[in-house]
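K.L.:
The opening position of the sequence shown corresponds to residue 2 in our numbering, with each subsequent residue numbered one higher. All C-beta atoms in this analysis are idealised placements derived from N, C-alpha and C, irrespective of residue type, glycine included. Below are the structure tokens for one structure; questions will follow.
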Amino acid sequence: MKRVDELIIKQRKIPIKIKKLEALLRRLPMSHSKWKEVVAEAARSWAGYRGEESLDYYLSFLPDKEYFIFHDLRIPYKTHHFQMDFLIQTNYFLLILEVKNISGTITFDPDLNQMIRTLNGIEEAFPDPVQQVKHQQFQLSSLLQQKKYKNVPIESLVVMANPYSLLKMPAKRPDYLQKVIRSTRLLEKIQFFHKKHKDEKLTRSELRKISKLLLINDTPHNPNMLQRFELSKSDILPGVFCEKCSTMTMSRSKGSWVCNHCSYSYKNAHLNALEDYSFLINSTISNSETRKFLQLSSSSVAQKLLKTSNFTPTGTTKDRRYHLYC
């Protein structure tokens, strides 16, 4: 989040979900029955992230002073949350973008509320993104009305970011032709919405207030990976990962970590390991858990690593725990 010409913008960053999936791929044996499922989930998540990232080129042509652009907002609504890949705010209208980065032949089937991807002869069903973005539109409108921002036009689009996918639209549904676009048409559609909404609905001050409201309520998705894939702590490989040869074979030697496989040396390799621990197991750790996870034999070495890493301790000496990253 930063201020640019008094505009509050939520910048994109790699989602915590992707970071946790990458940690799980490092820590789950390839022979595990869940391995392929985790690989597939990580691939889908990275594809979605890169699809959103590809829109930055087109959005960079929009004048900074006229637009508030938010990446990946997740807002509470009643008993759940709704997530928007992009929200673009102007004085005249708001625009929600649902981005899909999917390869193959994509067939939209509104009658059954699904989108079908055919790739290499295999069909796979996804939720209909047109209905998804319409529901996001409804929820955002309801939220703004609750905050006394009434009659604010909200538009929505599904942006297909993969230029090589083959799109098949439903017959007799021209609304889908208007709602689903390629990335290359994004600026054209934004100009269309400007022509459609010519009256200013929000002042600059109101835009800033709505922006602050959304940022305060933004709640990034932070899934529990062990629950998501029905894993236990015992499934997670302990040890310190070597970033050079991608093996879990580093050991502590003379104040540093040395890889027993390629001899690569890195003083603070334990920080990456403890980050993995926080992503997958717990956001706090004890001395004994540190020794077990880093595979250290010395309690004093574990204590020194925890202290010099500036993790915040809580509890008495006997039950002291250190707060890690998440």
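Rounded to a whole number of angstroms, what is the C-alpha to C-alpha distance between Cys260 and Asn269?
P.N.:
Position 259 of the sequence shown, counting from 1, holds the residue named residue 260. Position 268 of the sequence shown, counting from 1, holds the residue named residue 269. Each residue's Cα considered, the two are about 13 Å apart.
K.L.:
In the DSSP assignment, find the beta strand (DSSP E) that holds Leu120 and state where it starts and stops.
P.N.:
If you number the sequence shown from 1, residue 120 lands on position 119. From DSSP, the beta strand (DSSP E) with Leu120 extends over 115 to 120.
K.L.:
Decide yes or no for the touch test of the segment 154 to 169 against the segment 87 to 104: beta carbon pairs closer than 8 Å, at least 3 of them.
P.N.:
Yes, the segment 154 to 169 is in contact with the segment 87 to 104.
K.L.:
Threshold first: 4 residues or longer. Then list the alpha helix (DSSP H) segments lying entirely within the segment 26 to 108, N to C.
P.N.:
Complete alpha helix (DSSP H) runs here, min 4: 36 to 55, 57 to 60.
K.L.:
Can you check whether the CB of Ser279 is closer than 8 Å to the CB of Leu325?
P.N.:
Within the sequence shown, residue 325 is the residue found at index 324, counting from 1. Within the sequence shown, residue 279 is the residue found at index 278, counting from 1. Taking 8 Å as the Cβ cut-off, Leu325 and Ser279 qualify as a contacting pair.
K.L.:
Pick out whichever of Lys245, Lys20, Leu74 has its Cα sitting closest to the Cα of Ile211.
P.N.:
Here the question's residue 211 lines up with position 210 in the sequence shown. The residue with the shortest Cα to Cα distance from Ile211 is Leu74.
K.L.:
Using alpha carbons as the reference points, say which of Gln84, Glu23, Ile10 lies closest to Thr220.
P.N.:
One-based indexing of the sequence shown puts residue 220 at position 219. When only C-alpha atoms are compared, the closest one is Gln84.
K.L.:
At the level of alpha carbons, what is the spacing between Lys213 and Ser264?
P.N.:
As a working note, residue 213 is residue 212 in the sequence shown. As a working note, residue 264 is residue 263 in the sequence shown. Spanning the two alpha carbons is a distance of roughly 50 Å.
K.L.:
Which residues in the same chain have their Cβ closer than 8 Å to the Cβ of Ser143, if we skip the five residues on either side of it in sequence?
P.N.:
On the sequence shown, residue 143 is found 142 positions in, with the first residue counted as 1. Closer than 8 Å at the Cβ level, and outside the excluded window around Ser143, lie Tyr78.
K.L.:
Do three or more CB pairs link the segment 288 to 305 to the segment 226 to 245 at distances below 8 Å?
P.N.:
Segments in contact, yes.
K.L.:
Figure out for me which residue from Lys135, Leu120, Met116, Val134 has the closest Cα to the Cα of Ala126.
P.N.:
Here residue 126 corresponds to residue number 125 of the sequence shown, with the count starting at 1. Comparing Cα-Cα distances from Ala126 to each of Lys135, Leu120, Met116, Val134, the minimum goes to Met116.
K.L.:
Within its chain, find whatever has a CB closer than 7 Å to the CB of Lys135; leave out the 5 residues flanking it on each side and keep chain order.
P.N.:
Against the sequence shown, residue 135 aligns to sequence position 134. For Lys135, where only same-chain residues beyond five positions count, the Cβ hits under 7 Å are Ser157.
K.L.:
Could you tell me which whole beta strand (DSSP E) segments of length 3 or greater appear in the segment 232 to 287?
P.N.:
Runs of the beta strand (DSSP E) inside the segment 232 to 287: 251 to 254, 257 to 260.
K.L.:
Below 8 Å on the Cβ atoms is my guess for Leu145 versus Lys11; work out the distance and round it to an integer in Å.
P.N.:
Along the sequence shown, read from residue 1 onward, the residue named residue 145 stands at position 144. Along the sequence shown, read from residue 1 onward, the residue named residue 11 stands at position 10. Contact flag wrong, Cβ pair sits at about 17 Å.
K.L.:
Are there three or more Cβ pairs, one per stretch, closer than 8 Å when the segment 37 to 51 is compared with the segment 249 to 260?
P.N.:
Result no; under three Cβ-Cβ pairs closer than 8 Å.
K.L.:
Closest by CA to Val302, which one among Ser34, His198, Gly256, Thr80?
P.N.:
For the purposes of this step, residue 302 is identified with residue 301 of the sequence shown, where counting begins at 1. It is Gly256 whose Cα lies nearest to the Cα of Val302.
K.L.:
Of the choices Thr313, Trp36, Phe139, Asp112, whose alpha-carbon is the least far from that of Asn152?
P.N.:
One-based indexing of the sequence shown puts residue 152 at position 151. Minimum Cα distance to Asn152 is reached at Phe139.
K.L.:
Answer with buried or exposed for Ala274, where buried requires no fewer than 16 other C-beta atoms within 10 angstroms of its C-beta.
P.N.:
Translated into the one-based positions of the sequence shown, residue 274 becomes position 273. That one is buried.
K.L.:
Going straight from the alpha carbon of Pro128 to that of Pro111, what length do you get?
P.N.:
For the purposes of this step, residue 128 is taken as residue 127 along the sequence shown, with counting starting at 1. For the purposes of this step, residue 111 is taken as residue 110 along the sequence shown, with counting starting at 1. Going by the C-alpha atoms only, they are around 10 Å apart.
K.L.:
Which whole-angstrom value is the C-beta distance of Val19 and Ser46, which I expect to be below 8 Å?
P.N.:
The residue labelled residue 19 in the question sits at position 18 within the sequence shown. The residue labelled residue 46 in the question sits at position 45 within the sequence shown. Looking at the sequence provided, one finds Ile at residue 19 rather than Val. Right, their Cβ atoms sit about 5 Å apart.
K.L.:
Going by beta carbon distance, what residues of the same chain come within less than 8 Å of Ser287, once the five residues before and after it are set aside?
P.N.:
Numbered from 1 along the sequence shown, position 286 holds the residue referred to as residue 287. Around Ser287: Asp320, Arg321, Arg322, Tyr323.
K.L.:
With distances taken between CB atoms, is the gap from Ser310 to Leu272 smaller than 8 Å?
P.N.:
Position 309 of the sequence shown, counted from the first residue, corresponds to residue 310. Position 271 of the sequence shown, counted from the first residue, corresponds to residue 272. In contact: Ser310 and Leu272 (Cβ atoms closer than 8 Å).
K.L.:
Which word fits Gly316, buried or exposed, when buried means at least 16 other C-beta atoms lie within 10 angstroms of its C-beta?
P.N.:
Looking up residue 316 in the sequence shown gives position 315. So Gly316 counts as exposed.
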